[in-house]
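Protein chains: 2
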Amino acid sequence: MNTLRVPVVEKILNANDQLAEQNRRRLDQAGTFGINLMASPGAGKTSVILQTIRRLAGSTRIGVIEGDTAPVTIDADRVISAGMPAVQINTGGDCHLDAVMIANGLNQIAVDQLDLIIVENVGNLICPAAFQLGTHTNVLIASIPEGDDKPYKYPNIYRGIDVLILNKIDLLPYVRFDMDYFRKGVEILNPGVKVFPVSCASGEGFDPWLDWLRAKLSKE
Amino acid sequence: MNTLRVPVVEKILNANDQLAEQNRRRLDQAGTFGINLMASPGAGKTSVILQTIRRLAGSTRIGVIEGDTAPVTIDADRVISAGMPAVQINTGGDCHLDAVMIANGLNQIAVDQLDLIIVENVGNLICPAAFQLGTHTNVLIASIPEGDDKPYKYPNIYRGIDVLILNKIDLLPYVRFDMDYFRKGVEILNPGVKVFPVSCASGEGFDPWLDWLRAKLSKE
Numbered sequence: 001m002n003t004l005r006v007p008v009v010e011k012i013l014n015a016n017d018q019l020a021e022q023n024r025r026r027l028d029q030a031g032t033f034g035i036n037l038m039a040s041p042g043a044g045k046t047s048v049i050l051q052t053i054r055r056l057a058g059s060t061r062i063g064v065i066e067g068d069t070a071p072v073t074i075d076a077d078r079v080i081s082a083g084m085p086a087v088q089i090n091t092g093g094d095c096h097l098d099a100v101m102i103a104n105g106l107n108q109i110a111v112d113q114l115d116l117i118i119v120e121n122v123g124n125l126i127c128p129a130a131f132q133l134g135t136h137t138n139v140l141i142a143s144i145p146e147g148d149d150k151p152y153k154y155p156n157i158y159r160g161i162d163v164l165i166l167n168k169i170d171l172l173p174y175v176r177f178d179m180d181y182f183r184k185g186v187e188i189l190n191p192g193v194k195v196f197p198v199s200c201a202s203g204e205g206f207d208p209w210l211d212w213l214r215a216k217l218s219k220e
Numbered sequence: 001m002n003t004l005r006v007p008v009v010e011k012i013l014n015a016n017d018q019l020a021e022q023n024r025r026r027l028d029q030a031g032t033f034g035i036n037l038m039a040s041p042g043a044g045k046t047s048v049i050l051q052t053i054r055r056l057a058g059s060t061r062i063g064v065i066e067g068d069t070a071p072v073t074i075d076a077d078r079v080i081s082a083g084m085p086a087v088q089i090n091t092g093g094d095c096h097l098d099a100v101m102i103a104n105g106l107n108q109i110a111v112d113q114l115d116l117i118i119v120e121n122v123g124n125l126i127c128p129a130a131f132q133l134g135t136h137t138n139v140l141i142a143s144i145p146e147g148d149d150k151p152y153k154y155p156n157i158y159r160g161i162d163v164l165i166l167n168k169i170d171l172l173p174y175v176r177f178d179m180d181y182f183r184k185g186v187e188i189l190n191p192g193v194k195v196f197p198v199s200c201a202s203g204e205g206f207d208p209w210l211d212w213l214r215a216k217l218s219k220e
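So the sequences go chain by chain: A and B. Position 121 of the first sequence, counted from 1, bears residue number 121 in the working numbering, the numbering being contiguous throughout. Position 135 of the second sequence, counted from 1, bears residue number 135 in the working numbering, the numbering being contiguous throughout.
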């Protein structure tokens, strides 16, 4: 059974990866930098997006593709209220976005007019790690109240990221969180990965993340 | 394509449900009450289990089946340190436990000697909702810092639960959380569901949950 199963899974992944390559070419042709933003439910994906929009709105045209497992437009509505275009993709219960859904999302947004497109993946630390979307960079948001052991428990997603945003640092005085233990877990899985501690509630810590992002955008 | 796909998925679910039925009979014969405990990563599943063990240890024999996506025994070790038996199931990257894994777990634990078995599902609000395990009741833990919009965003898991434990109420003064909005979302999806607000950090709120659990155990 297993010898049969492995090639089938590989074939599916390859079809996804091929479409991801097409998405990437489309972004490159438009000169648009693409971010795949992943996190656990409630870690603050939409809040980080809104803070980023607020601080870059004067200089950068940003679009958002919102992945949700249900037909709710709460997050997309918040982005549109912040003055940027957003497309909502309902995965119909699936636990991740894939390259087909992103291709559909790109059809519904004026990519050519954007400098940056942020894909807010489904809130989940497992499934999104396995699917290429065609974006240029993988960003994970962890948050202080989730606990310091998450890199040890969800290693696959920590291995595949380029940037880690550590949100809700304003809650550090109120919860047990061993920063050294957390950082050690991250470093073992992904040596040298960029880590940006931030608070969406206070606005603290966003400058280094925005500097990193501006440097990436200037290369596109 | 879809007409082919639907029956195949149904067949898999039926096989799982059949094995779930066997698991249920096994628990019933042993006189053991089974809980399927689900939550987002970091909502406090293991902490709620440890608080429950601490308060019931004198009167109730409790075993735990720990589901993890990676071969880490952090949670199982904490249960064993609290003096109760625990079995760790590594899903090998899968985003949920299924009835086969529970059957294997039950083979590794002395079910006959237990009054209560708690299955700690994989940290995820999407996949675990779709798979019966054979336990008697589905309990979801939500937590204050995850945000008040989670019932609206992950409706399937809220629909299928018997009990909702709302953890980390000690953080209410420090985060924005509209309790009425949250409760309204829960009530629309699952009218009359039991809700127990608790804090594992302070120990607050555990008596009503334990009263509910003792009443269930006395019926077994």
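Beta carbons: idealized from backbone N, C-alpha and C, even for Gly.
Runs of the beta strand (DSSP E) lying entirely within the region 43-86 of chain A and spanning at least 3 residues, in chain order: 62-68.
Taking C-beta separations shorter than 7 Å and ignoring five residues to either side along the sequence, the partners of Y181(A) in its chain run D148, following chain order. In this structure, I62(B) is the residue among I49(B), G58(B), N36(B) and I62(B) with its C-alpha nearest to the C-alpha of A30(B). Chain order gives the chain A residues near G42(B) as S40, P145, E146, G147 and K150, where near means a beta carbon separation below 7 Å.
Taken in chain order, the complete beta strand (DSSP E) segments of 3 or more residues contained in the region 83-108 of chain A are 86-90. DSSP places N156(B) inside the alpha helix (DSSP H), whose first and last residues are P155 to R159. In this structure, E146(B) and G83(A) do not form a Cβ contact; the two beta carbons are roughly 27 Å apart against a cut-off of 8 Å. Taking a Cβ-Cβ cut-off of 8 Å, the neighbours of C95(A) in chain B comprise C95, N124, I126 and C127, given in sequence order. The C-beta of D68(B) comes closer than 8 Å to at least one C-beta of chain A.
Here G34(A) is near V119(A), since their CB atoms are less than 8 Å apart.
Taking 4 residues as the shortest admissible run, the region 131-182 of chain B contains the following complete alpha helix (DSSP H) segments, listed from N- to C-terminal end: 150-153 and 155-159. Rounded to whole angstroms, the separation of the alpha carbons of E21(A) and Y154(B) is 30 Å.
The three-state secondary structure of P41(B), taken from DSSP, is coil. Not a single CB atom of chain A sits nearer than 8 Å to the CB of V100(B). With contacts defined as CB atoms closer than 8 Å, R26(B) and V111(B) qualify as a contacting pair. In the DSSP assignment, L116(A) falls within the unbroken beta strand (DSSP E) covering L116 to E120. Within the DSSP secondary-structure output, N36(B) pairs in a beta bridge with V119(B) and N138(B).
Taking 8 Å as the threshold, the shortest C-beta distance from I74(A) to chain B falls below it. With a threshold of 8 Å between beta carbons, L27(A) makes no contact with chain B. Relative to Y158(A), the option among L56(A), L140(A), D170(A) and W209(A) whose CA is nearest is L140(A). Annotation: the continuous beta strand (DSSP E) that includes P197(A) extends over K194 to P197. D68(B) and L106(A) have their C-alpha atoms spaced approximately 35 Å apart. Note that the C-beta distance between V198(B) and G192(B) is not below 8 Å. If you ignore the 5 residues before and after L172(A), its C-beta comes within less than 7 Å of the C-beta of I144, all in its own chain and listed in chain order.
Rounded to whole angstroms, the Cβ separation of A129(B) and L166(B) is 18 Å, and the two are not in contact under 8 Å.
L171(A) reaches chain B at P145, L171, Y174 and V175, counting residues in chain order whose Cβ is nearer than 9 Å. With fewer than 16 other beta carbons inside 10 angstroms of its own, A57(B) counts as exposed. T137(A) is not a Cβ neighbour of D170(A), given a cutoff of 8 Å.
8 Å or more divides the Cβ of I117(B) from the Cβ of T52(B). Its chain contains F33, T60, D115 and L116 as the residues whose beta carbon lies nearer than 8 Å to that of L217(A), once the 5 sequence neighbours on both sides are disregarded; these appear in chain order.
Put simply, the CB of P155(A) is near chain B, with a gap under 8 Å to one of its CB atoms. For T91(A), the CB contacts under 8 Å within the same chain, skipping 5 residues up- and downstream, are G67, D68, T69, L97, M101 and V122 in chain order.
When DSSP states are grouped into helix, strand and coil, P208(A) belongs to the helix group.
In this structure, R55(B) keeps its C-beta atom at 8 Å or more from the C-beta atom of L164(B).
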